[in-house]
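Going by the numbering used here, the first residue of the sequence shown is number 12, and it counts up by one from there.
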Amino acid sequence: MLANAFVRGAARSTLNRSFSTVPVTNVASYLKLNVKDEPTAAKLDEHMKSMSNKMKASPGFFRVTRQVCKAEWAYELSFVWDSKENYGAWKESDLQKEVHAIYQSALEDCGIKEADVYAGARVVDDF
12 MLANAFVRGA
22 ARSTLNRSFS
32 TVPVTNVASY
42 LKLNVKDEPT
52 AAKLDEHMKS
62 MSNKMKASPG
72 FFRVTRQVCK
82 AEWAYELSFV
92 WDSKENYGAW
102 KESDLQKEVH
112 AIYQSALEDC
122 GIKEADVYAG
132 ARVVDDF
């Protein structure tokens, strides 16, 4: 799923549009899903920490953010790289395949269907 998420996100994004006036600096793979409850969110947090620790070996990877809405149990993640080139290299890497296996296991362990996860790529900047 993570591999597919990155590929689908990049295909839908404007990362390679030369006419865009939004500069591409940092690029994030963005995931949005819903968890059942607080214990499920905590369990997914542990899986995502493990996953992001592995991702630190990816050139240009520098941050993961997680947001949770406790009213809706919406769970959002952004995995951020320092350039579209490093993000693109990640998508083709063997490390990405390893992380993908962790991701699939995490979803299964938390009772989340892969089809229920929204995935996309985002341009990310701090102002």
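We treat Cβ as the ideally placed atom computed from N, Cα and C, and that holds for glycine.
Per DSSP, residue i is paired with what?
i	result
K43	E87 and Y129
W92	V38 and F72
How many whole angstroms separate the CB atoms of residue i and residue j, which I take to be in contact at a CB cut-off of 8 angstroms?
i	j	result
W84	A52	7 angstroms
S63	V75	4 angstroms
S94	V38	7 angstroms
S89	V134	With a Cβ gap of about 11 angstroms, S89 and V134 do not count as contacting.
K60	E109	The pair is not a contact, with the Cβ atoms about 16 angstroms apart (cut-off 8 angstroms).
K124	E87	Wrong, their Cβ atoms sit about 17 angstroms apart, outside the cutoff.
The alpha helix (DSSP H) spanning residue i covers which residue range?
i	result
S31	Neither: S31 is in no alpha helix (DSSP H) and is coded neither H nor E.
I113	D105 to D120
A52	E49 to M66
Drop a sphere of 10 angstroms on the beta-carbon of residue i, count the other beta-carbons inside from all chains shown, and report buried for 16 or more, exposed for fewer.
i	result
G122	exposed
A130	buried
L118	buried
E57	exposed
S40	buried
Q78	exposed
A82	exposed
F72	buried
A112	exposed
A141	Beyond the ends of the chain as shown, which are 12 and 138, falls residue 141; an answer cannot be given.
V33	exposed
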